[in-house]
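Participant:
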Amino acid sequence: MSGSLFDIETLLAPLDGADGAGIDLRSDYSPTSPYQKLRDARAEARAEERALETSEESDPAVPQGWREVKRIALQCIGERSKDFEVAAWLLESLVRLDGLAGLSAGSELLTGLLDRYWEPGFPQPDEDGMDVRAAPLGGLSGEGADGTLMQPLRRLPMFRRPDGRAVGLHLWKIAEDTEAIPNEGDNKKRRKARYDAGVPEMKALENEARVEAASLRRTAQQALQAQRAWATLAAQMDARFGDLAPNTRRVSEALEQIIQIASRLIGPVAEAAPEPGGGIESMEEVTAMVEEAPAGAGAAVAVRPLRTREDAIRQLEELAEYFRRTEPHSPLAYTLTDAVRRARMPLPDLLAEVLPDNGARQAMLTMLGIRSAMDEGS
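full-length UniProt numbering puts the last residue of the sequence shown at 378; the count rises by one with no breaks.
1. Give every residue of the same chain whose Cβ lies closer than 6 Å to the Cβ of Arg23, excluding the five residues on either side of it in the sequence, and list them in chain order.
2. Are the segment 106–114 and the segment 226–242 touching by the rule of at least three beta carbon pairs closer than 8 Å?
3. Smallest Cα separation from Gly102: which of Asp7, Ala18, Gly139, Ala21?
4. Would a C-beta distance cut-off of 8 Å place Val340 and Glu318 closer than the cut-off?
5. On the DSSP bridge assignment, give the partners of Ala166 in chain order.
6. Can you list the alpha helix (DSSP H) stretches of 4 or more residues lying completely in the segment 196–234, in chain order?
7. Helix, strand or coil for Ser330? Go by DSSP, reduced to three states.
8. For Tyr334, count neighbouring C-beta atoms within 10 Å of its own C-beta (all shown protein chains included) and say buried if the count is 16 or more, exposed if not.
9. For Ala73 and Leu153, what's the separation of their Cα atoms in angstroms?
10. Smallest Cα separation from Gly17: which of Ser93, Leu244, Pro331, Pro120?
11. Apart from the five residues on each side of it in sequence, which residues of its chain come closer than 6 Å, Cβ to Cβ, to His170?
12. Going straight from the alpha carbon of Asp19 to that of Leu94, what length do you get?
13. Using a threshold of 8 Å, state whether the C-beta atoms of Leu113 and Leu15 are closer than that.
14. Can you give me the C-alpha to C-alpha distance between Glu48 and Ala61, rounded to a whole angstrom?
15. Can you give me the Cβ contacts of Tyr35 inside the same chain, cut-off strictly under 6 Å, excluding the 5 residues immediately before and after it?
16. Would you call the segment 121–128 and the segment 240–254 touching, i.e. three or more CB-CB distances under 8 Å?
Have a look at this one:
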């Protein structure tokens, strides 16, 4: 279990009735029925999302309508119906509101529903067979085109630039594509036009990612957890749907890209241990979650045993990120970040930075019994 957003076991608990799956919400056609209200809330949220995509905002806000989708869907699954389509819509809202933690939690919930309520769950197969169940799940990742999870996943912040602008897979890909344009002939003009329009240079993004190593590492750790939960869901769908199993490749590839970017820039990333006591204990708490924290919001730094020098440096990175998030006015985060940067520098490079005078630096190296690269080359 993801252990952070809601108690999955509470949501999976049987409802009234012989099979525990509740009722088919689609049987109530009234405009105020839970199913119709959920459909309307989702349609409004997606319409608002499309409008925001055409704005000039580089990091558009998540439409508030997704909070209503999340609230209604949680209530429906926990109190009225074990419904696969409703769970898919819930997953759409979770990714937008809670980021990768939402992908993990939503995937685990869907896996549990498919495992425990495959026969009695809703919607029931119709004259077209299992298509009525497979379609909403297949729309998450997408088959011939991007599914409903892809845009929020690609815009999910991996880290932030010094000006606060979020850097996700979407912006990273634009920077990569621009750098790949040959710097000659007409292509040179096209390349320059992109940079003039505000596309960041790849080298700058990579340097900024290293400075924001704690944020990038945390994102990659969440991606690892989401990757595991998504793979488990994919296996469950393969087992249940057989040849009709929804395609999950696009989401898997996006998660792998995040992990690869982090691993290349800041080293291997291990999945973070779950924080204790993170679950929500009752349906009252689940259905009351209306004012959730935005995607990427974090808790206090978890103190772990320090076994290696790298463990200590990573703890400093997390402390720096904590103070940057909780005390943005304080210089402490920047001091810690700079300390981490210097901790990873070779000693001659560090001395060159703190002792710019060459004579003083050579004297220090001599006192320490270290020959500089210039001395070794002579």
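Glycine is no exception: its CB is placed at the ideal position from the N, C-alpha and C atoms. Keep in mind that this is a model prediction, so the values were computed, not measured.
Facilitator: Taking the coordinates as given:
1. The question names Arg, but residue 23 in the sequence shown is Ile. For Ile23, the CB contacts under 6 Å within the same chain, skipping 5 residues up- and downstream, are Ser81 in chain order.
2. Segment contact: the segment 106–114 against the segment 226–242, three or more CB-CB distances shorter than 8 Å; contact assigned.
3. For the set Asp7, Ala18, Gly139, Ala21, the Cα lying nearest the Cα of Gly102 is the one of Asp7.
4. For the 8 Å CB-CB criterion, Val340 and Glu318 do not form a contact.
5. Paired residue(s): Arg160.
6. If we require 4 residues or more, the alpha helix (DSSP H) runs fully inside the segment 196–234 come out as 202–211.
7. Reduced to three states, the DSSP call for Ser330 is coil.
8. Tyr334 counts as exposed, since fewer than 16 other beta carbons sit within 10 angstroms of its beta carbon.
9. If you draw a straight line from the Cα of Ala73 to the Cα of Leu153, it comes to about 21 Å.
10. Here the closest residue by C-alpha is Pro120.
11. Arg154, Arg155.
12. Computed Cα separation, rounded: 27 Å.
13. It is not a contact, given that the beta carbons lie outside the stated cut-off.
14. Taking the straight line from one Cα to the other gives about 10 Å.
15. Closer than 6 Å at the Cβ level, and outside the excluded window around Tyr35, lie Leu25, Arg26.
16. They do not touch, by the three-pair rule.
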